[in-house]
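Written out below as structure tokens is the structure these notes cover.
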Amino acid sequence: MAPLRWDCLRLESSSSSLEEEEDWNHSTPLVDRRKGWRPGRFDSFRLRAVQRFALESGGGGLSLEGIEKLWDLLDTWDRTKPGMLIDGGHDDTIRDSFNSVSDIKNAVRDDVDDAALGAGWLKCPLLVDGQTFVVFFRPVLDVIPDMLKCGKDVRLWSGETGPAPPSSNCETPLDGDAFRRNEQELMAEKKDGTCFVLGMHVYSDASQLSWSGGTFSRMQERGGALRWDWCQTSTFV
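In terms of my numbering, the sequence shown opens at residue 1434 and continues consecutively.
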């Protein structure tokens, strides 16, 4: 009985503390009912299943945007969405196409894998500081032509109509001195307005590419005295 008595005393002490602080008088309902409040409309087995999915999906339930997508899905699946396409599977149920949960899981996986392989995605183990990471990538010479084909605003020059002079800007790879000087030399040789340099900016978050050779000063206070330290900087991209 001792633990029970202790819990009771602790509860009384907490209640007394709350009364002294008047927290109860400052409390308000957790939410406000919206205008036109109408609870209880999930009043069938099927509708309660939809509500349960909306409230439990992902652990914390769907967001308002997620509920909009759920509505769009259900409206399509019920064949009631205005203007929807009518095809050969219009009247089929889910079990007409998939026999089980495992079957639909495999079907989704197969389509995702097919899309990844079709886009040319590769993977490779990368060793960094003794740790192995698996990286995913696409060959750069395959990606760039696709980007040029899909790009709506493709910039072929560092300048508006041709090579731009060196700049202190560092906003894009086209601003780099090395790229602009190579661009100028190549254009001087070709002298062809239809020619341009395809700049490729290849980088790795895990690789240190070069030391810049620059320094910066750092002031520290030690034992009441100020000390200036000169530190070398490195370039990471």
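Built from N, CA and C at the ideal position, the CB exists for glycine as well.
- If you draw a straight line from the Cα of Phe1566 to the Cα of Lys1514, it comes to about 46 Å.
- A residue is called buried when at least 16 other Cβ atoms come within 10 angstroms of its Cβ; Pro1578 does not meet this threshold and is exposed.
- Checking the DSSP bridge columns, you'll see Phe1570 partnered with Leu1555.
- By alpha-carbon distance to Trp1554, the top candidate from Val1573, Val1561, Arg1485, Leu1560 is Val1573.
- Here Met1620 has Pro1596 as same chain residues with Cβ atoms under 6 Å from its own Cβ, once five neighbours each way along the sequence are excluded.
- Secondary structure at Val1534: helix, using DSSP grouped into helix, strand and coil.
- Annotation: Arg1474 to Ile1519 spans about 30 Å, alpha carbon to alpha carbon.
- Arg1613 counts as buried, since no fewer than 16 other beta carbons sit within 10 angstroms of its beta carbon.
- By the beta-carbon neighbour count (other beta carbons within 10 angstroms, threshold 16), Ser1530 is exposed.
- Partner residues in the beta bridge of Gln1564, as assigned by DSSP, are Val1561.
- Annotation for Ala1487: the continuous alpha helix (DSSP H) segment containing it runs 1478-1489.
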